[in-house]
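Note that full-length UniProt numbering has the sequence shown beginning at 1, numbered continuously upward. Read the structure below first, then the notes.
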Amino acid sequence: MILLISDLHLQEERPDITRAFLDLLDGRARQAQALYILGDFFEAWIGDDAMTPFQLSICQALRTLANSGTAIYLMHGNRDFLIGQAFCRAAGCTLLADPSVVELDGEPVLLMHGDTLCTRDVGYMKLRRYLRNPLSLWLLRHLPLTLRQKLARKLRSESQTQTRMKNTEIVDVTPEEVPRVMAEHGVRTLVHGHTHRPALHKLLVDGQPARRIVLGDWDRRGWALQVDDQGMQLAPFEFT
Numbered sequence: 001m002i003l004l005i006s007d008l009h010l011q012e013e014r015p016d017i018t019r020a021f022l023d024l025l026d027g028r029a030r031q032a033q034a035l036y037i038l039g040d041f042f043e044a045w046i047g048d049d050a051m052t053p054f055q056l057s058i059c060q061a062l063r064t065l066a067n068s069g070t071a072i073y074l075m076h077g078n079r080d081f082l083i084g085q086a087f088c089r090a091a092g093c094t095l096l097a098d099p100s101v102v103e104l105d106g107e108p109v110l111l112m113h114g115d116t117l118c119t120r121d122v123g124y125m126k127l128r129r130y131l132r133n134p135l136s137l138w139l140l141r142h143l144p145l146t147l148r149q150k151l152a153r154k155l156r157s158e159s160q161t162q163t164r165m166k167n168t169e170i171v172d173v174t175p176e177e178v179p180r181v182m183a184e185h186g187v188r189t190l191v192h193g194h195t196h197r198p199a200l201h202k203l204l205v206d207g208q209p210a211r212r213i214v215l216g217d218w219d220r221r222g223w224a225l226q227v228d229d230q231g232m233q234l235a236p237f238e239f240t
């Protein structure tokens, strides 16, 4: 069994989500061959050197799972793209490039966070290119902690405001971009998060049947894609 999740947005202000995640680690994830976390794992991340006690506790929980034999793969999201190798080493997980092709259920599957599919959101795409530039990343990681905290609050506030103001089509994936990216990577299945719109979409890629599986965000309930002998099942579960 393999599990895929995304968009937990872990933060101290949402202990219900944290409990649900820890329950998953102690339950289904212990039986899994691998756990894939496809971005926005944390609500915010300003550097491995600035881990809070809360974030450290999550790191330790991941390490416990890794030590039990479950492989953990972590992909950057738009909220936590400053997660680095120091965190991954401590947590016992592997940082996964976005995009990546892995074999699931006997076929190559494209994994993405999903934000790069939203090409109609021109303002965001421009900001993303700037922030993900290697020089920008180096500068961000070397800013004083207080400045990083201030910048993170500012970006988070602006992101929330702009998302509310933007047309819903703009913050969703660009329909034409999906088959283009899938054809580029030679896959018939794409799994991503980011849009907070869990669903299974059927489409054609180079004239062949294909599918796009969108992982749900953890807010009122959790979401996980389970891959096992029965295939791929995307299902929600209630917080306890």
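Every residue, glycine too, gets a C-beta built ideally from N, C-alpha and C.
In the DSSP assignment, Trp-223 is bridged to Pro-236. Assigned with DSSP and collapsed to three states, Ile-83 falls in coil, not helix or strand.
Within the same chain, Tyr-130 come within 8 Å of Ser-136 by CB-CB distance, once the 5 residues on both sides are set aside. Less than 7 Å separates the beta-carbon of Ala-91 from that of Arg-63. Counting the other CB atoms within 10 Å of its CB gives Gly-114 a total of 16 or more, which places it among the buried residues. When C-alpha distances from Ser-6 are compared across Met-125, Gly-77 and Trp-138, the shortest belongs to Gly-77.
Straight-line spacing of the CA atoms in Val-178 and Val-205 works out to 9 Å. If you keep only unbroken beta strand (DSSP E) runs of at least 3 residues inside the segment 15-94, you get 34-38 and 71-75.
Contact between Ile-213 and Met-182 does not hold, since their C-beta atoms are separated by about 12 Å, which reaches or exceeds 8 Å.
Using a C-beta cut-off of 8 Å, the segment 139-153 makes no contact with the segment 220-228, since fewer than three inter-stretch Cβ pairs fall below that distance. Under the three-state reduction of DSSP, Asp-115 is assigned to helix. Burial state of Ala-97 is exposed, judged by a 10 Å Cβ sphere holding fewer than 16 other Cβ atoms.
Shown here, Val-187 sits in coil according to DSSP, grouped into three states, outside any helix or strand. Annotation for His-142: the continuous alpha helix (DSSP H) segment containing it runs 134-142.
Taking 7 Å as the cut-off, the beta carbon of Leu-25 is found closer than this to the beta carbon of Leu-65.
The alpha carbon of Trp-45 has as its nearest neighbour, out of Ala-86, Tyr-73, Ala-210 and Ile-17, the alpha carbon of Ala-86. Here the segment 136-145 does not lie against the segment 102-114, with fewer than 3 beta-carbon pairs under 8 Å apart.
In the three-state DSSP reduction, Gly-231 falls in the strand class (E or B). Taking Thr-146 as reference, the option from Ala-34, Ala-50, Leu-10 and Arg-19 with the minimal CA-CA separation is Ala-50. Annotation for Arg-212: the continuous beta strand (DSSP E) segment containing it runs 208-214. Going by DSSP, Glu-103 is part of the beta strand (DSSP E) stretching over 100-104. Membership of His-196 in any beta strand (DSSP E) is not indicated, and neither H nor E is assigned to it by DSSP. According to the DSSP assignment, Leu-4 belongs to the beta strand (DSSP E) that extends over 2-5.
The alpha-carbon of Pro-236 is positioned some 11 Å away from that of Asp-219.
Only exposed fits Thr-52, as fewer than 16 other CB atoms lie within 10 angstroms of its CB. Assignment of beta-bridge partners to His-201 by DSSP yields Arg-212.
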